[in-house]
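In the numbering used here, the protein residues as written are 79 to 209.
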């Protein structure tokens, strides 16, 4: 029939130029060639995504509690950078995404003694499983 299928598989999203050549290396010159083709990212892949600080968060790497720091009462925002399984960023589309902020149970650094506190008072409020 004179028709040939030319399968291809791209793993990097972007705009490509499709050019077809004969076995001898001569380019096929037909109306519309070379043809621009936009390769879109695949669906979101959780293991390839990253959460990064976006607003009102500080990165604290120099303490025993390294991580992000926010201030009570100040809205903080994180950004989810969605990527496909090949590492391409998803710049548009719909993905169902949820998150949770859970308290970590750790002993906070001791506060300086208060003038009003009795001498035997602990320097912080103890954590228990019922709070």
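Ideal placement from N, C-alpha and C gives every residue a C-beta, glycine not left out.
Where residue i falls, given that 16 or more other Cβ within 10 Å makes a residue buried
| i | result |
| --- | --- |
| residue 113 | exposed |
| residue 161 | buried |
| residue 181 | exposed |
Contacts around residue i, its chain only, beta-carbon distance under 8 Å, and the 5 residues preceding and following it disregarded
| i | result |
| --- | --- |
| residue 207 | Residue placement at residue 207 is flagged as unreliable, the pLDDT there being 45, under the threshold of 50; a coordinate-derived value is accordingly withheld. |
| residue 159 | 127, 128, 129, 130 and 167 |
Spatial neighbours of residue i in its chain, beta-carbon cut-off 7 Å, leaving aside the 5 residues before and after
| i | result |
| --- | --- |
| residue 97 | 105, 111 and 112 |
Euclidean distance between Cα positions of residue i and residue j
| i | j | result |
| --- | --- | --- |
| residue 174 | residue 82 | 40 Å |
| residue 85 | residue 130 | 37 Å |
| residue 124 | residue 157 | 14 Å |
| residue 150 | residue 176 | 22 Å |
| residue 117 | residue 164 | 13 Å |
Residue span of the beta strand (DSSP E) that contains residue i, given as start and end
| i | result |
| --- | --- |
| residue 156 | 155-159 |
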